[in-house]
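Student: Sharing a structure below in structure tokens format, with a few things to ask.
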Amino acid sequence: MKKGILLIAAFGAMIFTSCKDDASSKVKAENVETAAERDAEQVYYPEMKFEEEEFDFGNIAKGTNVEHVFKFTNVGKAPLVITNATSTCGCTVPSYPHNESIAPGEQGEMTVLFNGSGQGQVTKTVTVSANTEKGSEQLRIKAFVESDGTNPEG
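Counting along the sequence shown from 1, when you hit position 45 you're at 107 in the working numbering, and nothing is skipped either side.
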């Protein structure tokens, strides 16, 4: 019985050690070059370049709806796809080309609506998620929301 186990162990050791061929001798140079070219192409990302990243509406009356169009260009080397755009609150609503491919060199627009809520100096941030290397960009709008003239305390 012991001889049988010893024989099986010796046979298994022989199989595992005999499979140690030199793996580097099996690599073809042309395959390495092709893989290097393929990998080099995969480092290209789209890049969003906005004409402006912040816009100030100035003084607006409370409850006034205002909007601004942020224009951008894909200055990268791959198609740009915006997957989402969110705001810091419901009073600011971004509108954008959702899941549309924007080729390198092409331009696009993102419209940001603000409903004039709040009072005094207000700053809102819109986060744009896209397939860029960073993964997201940020836009800001500002406004000074003037009081509507009513005094709730009497």
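We treat Cβ as the ideally placed atom computed from N, Cα and C, and that holds for glycine.
Per DSSP, what kind of secondary structure is LYS65 in: helix, strand or coil?
Tutor: helix
Student: Does the beta-carbon of PHE136 have 16 or more other beta-carbons within 10 angstroms, so that it is buried, or is it exposed?
Tutor: Note on residue identity: the sequence assigns Asn, not Phe, to residue 136. Its Cβ being crowded by 16 or more others within 10 Å, ASN136 is buried.
Student: Based on the DSSP secondary-structure assignment, which residues constitute the bridge partners of PHE117?
Tutor: ILE203
Student: For ASN93, does the three-state DSSP call read helix, strand or coil?
Tutor: In the structure shown, ASN93 adopts helical secondary structure according to DSSP, grouped into three states.
Student: Check whether the Cβ atoms of VAL14 and SER157 lie closer than 7 Å to each other.
Tutor: The requested residue 14 does not occur in the structure, where the chain is confined to residues 63 to 216.
Student: Where does the unbroken beta strand (DSSP E) through GLY170 begin, and where does it stop?
Tutor: 169-176
Student: Counting beta carbon pairs with one atom in the stretch 114-128 and one in the stretch 91-101, are three or more of them shorter than 8 Å?
Tutor: no
Student: On the DSSP letters alone, give me the boundaries of the beta strand (DSSP E) that GLN183 sits inside.
Tutor: Per DSSP, GLN183 belongs to the beta strand (DSSP E) from 182-192.
Student: Tell me whether ALA31 sits in a helix, a strand or coil according to DSSP, three-state version.
Tutor: Outside the displayed range of the chain (63 to 216) lies residue 31, so it cannot be described from this structure.
Student: Have a look at GLU113 and ILE203 and give me their C-alpha separation to the nearest angstrom.
Tutor: 14 Å
Student: Does the stretch 169-180 come close enough to the stretch 132-147 to have 3 or more Cβ pairs within less than 8 Å?
Tutor: The stretch 169-180 is in contact with the stretch 132-147.
Student: Can you tell me where the beta strand (DSSP E) with SER157 in it begins and where it stops?
Tutor: 154-157
Student: Just tell me which of GLU99, GLY152, LYS65 and ILE144 has its CA closest to the CA of LYS186.
Tutor: GLY152
Student: Based on DSSP bridge pairs, tell me the residues matched to VAL128.
Tutor: For VAL128, which the question treats as bridged, DSSP gives the partners PHE176.
Student: Helix, strand or coil for GLU208, going by three-state DSSP, please let me know.
Tutor: strand
Student: Within a Cβ cutoff of 6 Å, which residues of the same chain sit near GLY180, ignoring the five residues on either side of it in sequence?
Tutor: VAL207
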